[in-house]
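Novice:
There are 2 protein chains.
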Amino acid sequence: MTRIAVDAMGGDRGPEAVVDGALAARGDGLEPILFGSASLDAKGLELWPTTQVVAMREKPADAFREKADSSLVRAVKAVADGEADAVVSAGNTGAMLAAGLVLLRRVPGVRRPAIAVPIPARQGPSVLVDAGANADCRAEHLLQFATMGAVFAEEMLEIARPQVRLLSIGVEPEKGNQLTLEAHALLAASDLDFRGNAEGRDILEGAADVLVTDGFTGNVALKAVEGTIRTLLDSLREEITASSAGTVGGLLIRPAARRLRKRLDPDTYGGAYLLGLRGLVVIAHGNSSATAIANAIRLAARGVDHDVVGRLAARLPQRAQLV
Amino acid sequence: MTRIAVDAMGGDRGPEAVVDGALAARGDGLEPILFGSASLDAKGLELWPTTQVVAMREKPADAFREKADSSLVRAVKAVADGEADAVVSAGNTGAMLAAGLVLLRRVPGVRRPAIAVPIPARQGPSVLVDAGANADCRAEHLLQFATMGAVFAEEMLEIARPQVRLLSIGVEPEKGNQLTLEAHALLAASDLDFRGNAEGRDILEGAADVLVTDGFTGNVALKAVEGTIRTLLDSLREEITASSAGTVGGLLIRPAARRLRKRLDPDTYGGAYLLGLRGLVVIAHGNSSATAIANAIRLAARGVDHDVVGRLAARLPQRAQLV
Chain A
11 MTRIAVDAMG GDRGPEAVVD GALAARGDGL EPILFGSASL DAKGLELWPT
61 TQVVAMREKP ADAFREKADS SLVRAVKAVA DGEADAVVSA GNTGAMLAAG
111 LVLLRRVPGV RRPAIAVPIP ARQGPSVLVD AGANADCRAE HLLQFATMGA
161 VFAEEMLEIA RPQVRLLSIG VEPEKGNQLT LEAHALLAAS DLDFRGNAEG
211 RDILEGAADV LVTDGFTGNV ALKAVEGTIR TLLDSLREEI TASSAGTVGG
261 LLIRPAARRL RKRLDPDTYG GAYLLGLRGL VVIAHGNSSA TAIANAIRLA
311 ARGVDHDVVG RLAARLPQRA QLV
Chain B
11 MTRIAVDAMG GDRGPEAVVD GALAARGDGL EPILFGSASL DAKGLELWPT
61 TQVVAMREKP ADAFREKADS SLVRAVKAVA DGEADAVVSA GNTGAMLAAG
111 LVLLRRVPGV RRPAIAVPIP ARQGPSVLVD AGANADCRAE HLLQFATMGA
161 VFAEEMLEIA RPQVRLLSIG VEPEKGNQLT LEAHALLAAS DLDFRGNAEG
211 RDILEGAADV LVTDGFTGNV ALKAVEGTIR TLLDSLREEI TASSAGTVGG
261 LLIRPAARRL RKRLDPDTYG GAYLLGLRGL VVIAHGNSSA TAIANAIRLA
311 ARGVDHDVVG RLAARLPQRA QLV
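Taken in order, these protein sequences are the chains called A and B. The first sequence begins at 11 in our numbering and counts up one residue at a time. The second sequence begins at 11 in our numbering and counts up one residue at a time.
(1) Roughly how many angstroms separate the alpha carbons of Asn-144 of chain B and Val-230 of chain B, rounded to a whole number?
(2) Between the segment 248-265 of chain A and the segment 274-285 of chain B, can you find at least three pairs of beta-carbon atoms closer than 8 Å?
(3) By the three-class DSSP mapping on this structure, what secondary structure does Asn-102 of chain B have?
(4) Determine the chain A residues that contact Lys-233 of chain B at a beta-carbon separation under 7 Å, and present them in chain order.
(5) Consult DSSP for Val-16 of chain A and reduce its assignment to one of helix, strand or coil.
(6) Suppose contacts are defined by Cβ-Cβ distances below 8 Å. Is Gly-21 of chain A in contact with Gly-237 of chain A by that definition?
(7) Taking only beta carbons into account, state which residues of the segment 135-146 of chain B come closer than 8 Å to chain A, listed in chain order.
(8) Is there at least one Cβ from chain A nearer than 8 Å to Gln-173 of chain B's Cβ?
(9) Assuming Asn-229 of chain B is part of the alpha helix (DSSP H), what are its boundary residues?
(10) Using a Cβ-Cβ cut-off of 8 Å (strictly less than) and excluding sequence neighbours within five positions of Gly-256 of chain A, which residues of its own chain qualify?
(11) Please confirm whether Asn-229 of chain A has its beta-carbon closer than 8 Å to some beta-carbon of chain B.
(12) From Arg-308 of chain B to Ala-217 of chain B, what does the alpha carbon distance come to, in whole angstroms?
(13) Using three-state DSSP, classify Ser-136 of chain B as helix, strand or coil.
(14) Please report the residue range of the beta strand (DSSP E) in which Gln-173 of chain B lies.
(15) For the beta strand (DSSP E) containing Asp-203 of chain A, name the first residue and the last one.
(16) When the distance is taken between beta carbons, is Ser-81 of chain A closer than 8 Å to Gly-37 of chain A?
(17) Within the same chain, show all residues whose beta-carbon is closer than 7 Å to that of Val-235 of chain B, passing over the 5 residues directly before and after it, in chain order.
(18) Using C-beta distances below 7 Å, list every residue in its chain close to Val-161 of chain B, excluding the 5 sequence neighbours before and after it, in chain order.
(19) Does DSSP put Pro-42 of chain A in a helix, a strand or coil?
(20) In this structure, does DSSP put Leu-221 of chain B in helix, strand or coil?
(21) Which residue wins for smallest C-alpha separation from Gly-228 of chain B, given the options A:Ile-239, A:Asp-219, A:Gly-210, A:Asp-224?
(22) Of the residues A:Glu-192, A:Gly-225, A:Leu-152, A:His-194, which one's Cα is nearest the Cα of Gln-188 of chain B?
(23) Sort out for me which residues DSSP pairs Gly-37 of chain A with in a bridge.
(24) Would you call the segment 102-111 of chain A and the segment 128-140 of chain A touching, i.e. three or more CB-CB distances under 8 Å?
(25) For the beta strand (DSSP E) containing Leu-361 of chain A, name the first residue and the last one.
(26) Roughly how far, in whole angstroms, is the beta-carbon of Ser-245 of chain B from the beta-carbon of Arg-132 of chain A, given that I think they are within contact range, below 8 Å?
(27) For the beta strand (DSSP E) that contains Ala-126 of chain A, what are its first and last residues?
(28) DSSP three-state label for Pro-265 of chain A, please.
(29) Does Glu-340 of chain A pass the burial test, meaning 16 or more other C-beta atoms within 10 Å, or should it be called exposed?
(30) Mark Met-19 of chain B as exposed unless 16 or more other C-beta atoms lie within 10 angstroms of its C-beta, in which case mark it buried.
(31) Specify, as a first and last residue, the run of the alpha helix (DSSP H) that Glu-83 of chain B falls within.
(32) How big is the Cα-Cα spacing for His-151 of chain B and Asp-95 of chain A?
(33) With distances taken between CB atoms, is the gap from Ala-48 of chain B to Pro-42 of chain B smaller than 8 Å?
Pasting the structure below:
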């Protein structure tokens, strides 16, 4: 039985969406355990009562220090204590990272845990890593991110031999900054299937199975893609509804627009994955629906079943010798 | 009379589009001078014959060294020699940068020239700087980029007191990497109208008149926005034409889609501006149409008339003392 600790108080939509998502995910060999207020209607699921809540905008270090009995911290602790196999929260990403680092600790050989975000790219799923855990990186960190991303792509996205690219400012190997030039050399010398540099325009198009970058660039780029999708669709709606012919046309293309939105929906992949800790940590979007929470829980369970953490541990020390 | 040197051999569409664009831009007080093959039909414009052509993918340093009689290098040299007031090319950006640095040299006080790209953001035009000239930067460079961007926004985009933001990974001042944390402090202490950090999602939405960043992040982010627009519109077209109702709807929304594309068209602003050199350098998109070339030439002339270079020179040394 795979047990997934679920932070019922995380997310912008309130505990009910989380409980419903957990209920939907419960199934053959998968048991969600809720962490949240004792007054919560757990709808038959196991509930471990907690007394505190970490807010979305709270400073991560403070939240972790001052809220030991929060649903977020207790859910992470359940994995550390062996009560659960993985943890899912739609709450504060920084607090999850802080709690994960202290309570779960790093897999031996891992220098820096990283955030992996699966992207529904046009040419198929692709994983961006690091999407925001490490604002300042060295080249050997990027090599580790690539390795962790490759294990993730193999086990979670079912890609047999993932192709890896480095996010840079030109496809030529000599294009980049000091960090990417050094990382390029390390990646080219590794046994990963490294295909060279990719550019910002390749992120949504899908140039590689694993797109590796530092957490600053990755976070800026990911938000640029997400923000551009939102702004563009909003602007298109504005322009369409500005005329009556457009409004009729808008109704006729609605199913197409809905299919596209579904295709691009980040919730398909459950959110962001914190890789490199001794336990899988899944951070769902803040405004996750019950369906998104259910997907995140199922994907966490899949990560447990495929022993993503164990495989990372097995692959990383080997590589560390290369550096 | 403002004289603009135009590289007739630059760009993917061939010299005719450039010549037509130059012809369209010619007017009251604006005289384009073409640089290109002697066999070119200059359609009555002044043509300075050149014998070489810099290719789009050529290595910038090689191109500059080996092609002294290329249309690109000669057009830049015309500004250096006082034969023209500014230069426009739709050719190789790196070669323009190399030629500009050597032939035009920097404005006194400028440490690093930077590429400013006006973005047709939803809330109005916004300028991203540096969009790719400097892959590795220090905080004082970013302060200079912000100052140059503010002068650009004032003179070229007619924004009276431009608001400046720093591209980072969270709006809170403590969010960022080492570079942005230091740059944040310098910007906050400057006399610019600094409004704090912006995120990737703000680029197309338009959070600030001037969005400052290092050239690596700026280039990745700009290409992420451009690529996402293209991928999204392509995907939407695919989905729409997959059904007949969708196809009819697509025809009805075509005017709206066209308005949107026009609103987002980067050619509206003529392309990228190389700021910080003793002469204005405008790099039009590689696939610029005649209209785009004409816009670029008119904007270059506007930059000359508003003495953007002189104003940069006047503003920068003051600020250098702050650092």
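Idealized CB from N, CA, C, for every residue including glycine.
Specialist: On the basis of the coordinates in this document:
(1) The count along the second sequence starts at 1 and reaches residue 144 of chain B at position 134. The count along the second sequence starts at 1 and reaches residue 230 of chain B at position 220. Using only the alpha carbons, I get a separation of about 12 Å.
(2) no
(3) For the purposes of this step, residue 102 of chain B is taken as residue 92 along the second sequence, with counting starting at 1. In the structure shown, Asn-102 of chain B sits in coil (DSSP, three-state: anything other than H, G, I, E or B).
(4) Counting from one through the second sequence, the residue named residue 233 of chain B turns up at place 223. Residues of chain A passing the Cβ test: Glu-209, Gly-210, Arg-211.
(5) Here residue 16 of chain A refers to the residue found at position 6 when the first sequence is read from its first residue. Here Val-16 of chain A sits in strand by DSSP.
(6) Reading the first sequence from its first residue, position 11 is the one you call residue 21 of chain A. Reading the first sequence from its first residue, position 227 is the one you call residue 237 of chain A. No. Outside cutoff.
(7) Gly-142, Ala-145, Asp-146
(8) On the second sequence, residue 173 of chain B is found 163 positions in, with the first residue counted as 1. Answer no: the Cβ-Cβ gap between Gln-173 of chain B and chain A never drops below 8 Å.
(9) In the second sequence, the residue the question calls residue 229 of chain B occupies position 219. Residues 225-250.
(10) Within the first sequence, numbered from 1, the residue matching residue 256 of chain A stands at position 246. Correct list, in chain order: Glu-249, Ile-250.
(11) As a position in the first sequence, residue 229 of chain A is number 219, starting the count at 1. By this cut-off, Asn-229 of chain A is an interface position.
(12) As a first step, residue 308 of chain B must be located in the second sequence, where it is residue number 298. As a first step, residue 217 of chain B must be located in the second sequence, where it is residue number 207. Using only the alpha carbons, I get a separation of about 27 Å.
(13) Position 126 of the second sequence, counted from the start, is the residue given in the question as residue 136 of chain B. The answer is strand: DSSP assigns Ser-136 of chain B an E or B state.
(14) Working through the second sequence from its first residue, we reach residue 173 of chain B at position 163. Element bounds for Gln-173 of chain B: 173-177.
(15) As a working note, residue 203 of chain A is residue 193 in the first sequence. Counting along the chain, the beta strand (DSSP E) containing Asp-203 of chain A begins and ends at 203-208.
(16) For the purposes of this step, residue 37 of chain A is identified with residue 27 of the first sequence, where counting begins at 1. For the purposes of this step, residue 81 of chain A is identified with residue 71 of the first sequence, where counting begins at 1. No.
(17) As a working mapping, residue 235 of chain B is identified with position 225 in the second sequence. These residues qualify, in order along the chain: Ile-213, Leu-214.
(18) Position 151 of the second sequence holds residue 161 of chain B. So the qualifying residues of the chain are Val-318, Arg-321, Leu-322, Arg-325.
(19) The sequence position of residue 42 of chain A within the first sequence is 32, counting from 1. Strand, per DSSP.
(20) Against the second sequence, residue 221 of chain B aligns to sequence position 211. It is a strand residue.
(21) Against the second sequence, residue 228 of chain B aligns to sequence position 218. Out of A:Ile-239, A:Asp-219, A:Gly-210, A:Asp-224, A:Gly-210 has the C-alpha closest to the C-alpha of Gly-228 of chain B.
(22) The sequence position of residue 188 of chain B within the second sequence is 178, counting from 1. Nearest C-alpha to Gln-188 of chain B: A:Gly-225.
(23) One-based indexing of the first sequence puts residue 37 of chain A at position 27. DSSP output for Gly-37 of chain A lists A:Leu-40 as bridge partner(s).
(24) no
(25) Residue coverage of chain A in this structure runs from 11 to 333, which leaves residue 361 of chain A outside it and unanswerable.
(26) In the second sequence, residue 245 of chain B corresponds to position 235, counting from 1. In the first sequence, residue 132 of chain A corresponds to position 122, counting from 1. With a Cβ gap of about 6 Å, Ser-245 of chain B and Arg-132 of chain A count as contacting.
(27) Your numbering for residue 126 of chain A matches position 116 in the first sequence. That run of the beta strand (DSSP E) goes 124-131.
(28) For the purposes of this step, residue 265 of chain A is taken as the residue at position 255 of the first sequence. If DSSP states are grouped into helix, strand and coil, Pro-265 of chain A belongs with the helices.
(29) With chain A covering only 11 through 333, there is no way to say anything about residue 340 of chain A.
(30) On the second sequence, residue 19 of chain B is found 9 positions in, with the first residue counted as 1. Buried is the call here.
(31) Walking along the second sequence from the start, residue 83 of chain B turns up at place 73. Here residue 83 of chain B is Val; the residue named in the question, Glu, does not match the sequence. Here the alpha helix (DSSP H) through Val-83 of chain B covers 81-90.
(32) Here residue 151 of chain B is taken as the residue at index 141 of the second sequence, counted from 1. Here residue 95 of chain A is taken as the residue at index 85 of the first sequence, counted from 1. Answer to the nearest angstrom: the Cα atoms are 47 Å apart.
(33) Position 38 of the second sequence holds residue 48 of chain B. Position 32 of the second sequence holds residue 42 of chain B. No, the Cβ-Cβ distance between Ala-48 of chain B and Pro-42 of chain B is not below 8 Å.
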